[in-house]
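Read in order, the letters of the sequence shown correspond to residues 1 to 237 in the UniProt record's numbering.
Positions of the beta carbon are idealized from the N, C-alpha and C atoms, including for glycine.
Every value quoted in this text rests on a predicted model; they were computed, and no experiment measured them.
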Amino acid sequence: MTELERQVALLKSPGLMVPTTDPRTSKRPAQESSPEPASKKTKHTTEISSKRQLHAHSILQREFLLQKAELQRTKQELAAEKAKSTHSSNQIKLLCVQCCRLTDRYHAALASHTSLQATYRDQTSELRAHKGALDIANEELEESRKDADIYREAILKRDEDCELAKKQLEEAKEDEVLQWRVLASRLQSLGKDHEMGRAVHDMLLLQVERQCGEDRIVLESVKEALKDAFSGLFERE
């Protein structure tokens, strides 16, 4: 039962009927000895009923206006709540869209992270392989450096040996030149002729060519020394 229906039922209850007691004495008025005519009694009853209806109508109208105002206020509150609900719904939808975007970005970042991890593992493997190859190359380089040091020492030793051999060769050449000069001087003192001196010179030259045939510089130097040693015998040419 609504509030309006409850008010109507309350108006129709016997408590709202016009009291039959005298409010000043709180006693029922004395009945006249003679009964009233029927038309007058009916008119009185109709007036009482009309007053009751007017009173009930005014109460109902007042309650109706109150209920209408309450309903209008309720509608406004509902409209405000609906607007808030719509705003909240829009906010929720916006948050859902942002959440979906963040989820997509998270999945993209996760995929990128996975790809970077795979690339990092591949590069780490390649780096290890390159490091191993570099270590091997360093070992080979170290061995080559050691071999180069040994080869350089051998070259220095050979240069020293060459210098020593060159000095010995110079000394030997000087000794041979001296011996050739002594031989030429003896041949000249013995009165040997030009033909004998030429034969000895050619024999010594052939021997020198056999010994120094590969080194043209040494050969030419020895030839000059031999020619100088036998120059005294060749003055008559």
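Practice problem: For residue 64, count neighbouring Cβ atoms within 10 angstroms of its own Cβ and tell me buried if that reaches 16, exposed if not. | Solution: By 1-based counting over the sequence shown, the position of residue 64 is 64. When all chains shown are included, residue 64 counts as exposed.
Self-check item: Close beta carbons around residue 34, own chain, < 8 Å, minus the five adjacent residues each side
Solution: Here the question's residue 34 lines up with position 34 in the sequence shown. For residue 34, the predicted structure reports a pLDDT of 47, less than 50, and the residue's modelled location is therefore unreliable. A value from the coordinates is still provided. Counting only Cβ-Cβ distances below 8 Å, and skipping sequence neighbours, we find nothing.
Quiz item: Under the three-state reduction of DSSP, which class applies to residue 64: helix, strand or coil?
Solution: Along the sequence shown, one-based indexing puts residue 64 at 64. In the structure shown, residue 64 sits in a helix (DSSP, three-state: H, G or I).
Practice problem: Just the C-alpha distance for residue 147 and residue 230, rounded to the nearest angstrom, thanks. | Solution: As a working note, residue 147 is residue 147 in the sequence shown. As a working note, residue 230 is residue 230 in the sequence shown. Rounded to whole angstroms, residue 147 to residue 230 spans 51 Å at the Cα level.
Quiz item: Is the distance from the Cβ of residue 204 to the Cβ of residue 226 below 7 Å?
Solution: Residue 204 sits at position 204 when you count from the first residue of the sequence shown. Residue 226 sits at position 226 when you count from the first residue of the sequence shown. In contact: residue 204 and residue 226 (Cβ atoms closer than 7 Å).
Quiz item: In angstroms, rounded to a whole number, what distance separates the CA positions of residue 82 and residue 69?
Solution: Start at 1 with the first residue of the sequence shown, and residue 82 comes out as number 82. Start at 1 with the first residue of the sequence shown, and residue 69 comes out as number 69. So the two alpha carbons sit approximately 19 Å from each other.
Quiz item: In chain order, what residues of the same chain have a beta carbon less than 7 Å from the beta carbon of residue 118, not counting five sequence neighbours either side?
Solution: Taking the first residue of the sequence shown as position 1, residue 118 is located at position 118. Result list for residue 118: empty, nothing under 7 Å.
Exercise. Count the other CB atoms, across all protein chains shown, that sit within 10 Å of the CB of residue 87; report buried if there are 16 or more and exposed otherwise.
Key: Along the sequence shown, one-based indexing puts residue 87 at 87. Exposed.
Quiz item: In whole angstroms, what separates the C-alpha of residue 75 from that of residue 62?
Solution: Position 75 of the sequence shown, counted from the start, is the residue given in the question as residue 75. Position 62 of the sequence shown, counted from the start, is the residue given in the question as residue 62. Answer to the nearest angstrom: the Cα atoms are 20 Å apart.
Quiz prompt | Contacting residues, own chain, Cβ-Cβ under 6 Å from residue 26 (five flanking each side not counted) | solution = Translated into positions along the sequence shown, residue 26 becomes position 26. At residue 26 the pLDDT is 45, less than 50, meaning the model places this residue with poor confidence; the figure from the coordinates comes in the next sentence. Result list for residue 26: empty, nothing under 6 Å.
Quiz item: So is residue 222 buried or exposed if we call it buried at 16+ other beta carbons inside 10 Å?
Solution: Sequence index remark: in the sequence shown, residue 222 carries index 222 (1-based). So residue 222 counts as buried.
Quiz prompt | Inter-residue spacing [alpha-carbon to alpha-carbon] between residue 139 and residue 153 | solution = As a working mapping, residue 139 is identified with position 139 in the sequence shown. As a working mapping, residue 153 is identified with position 153 in the sequence shown. CA-CA distance, residue 139 to residue 153, rounds to 21 Å.
Quiz item: Hey, is residue 179 close to the ligand FAD, as in C-beta under 6 Å from one of its heavy atoms?
Solution: With respect to the ligand FAD, the structure shown offers nothing to examine, as it has no ligands at all.
Quiz item: If you scan the segment 118-152 from start to end, which runs of the alpha helix (DSSP H) of 4 or more residues do you find wholly inside it?
Solution: Fully enclosed alpha helix (DSSP H) runs of 4 or longer: not present.
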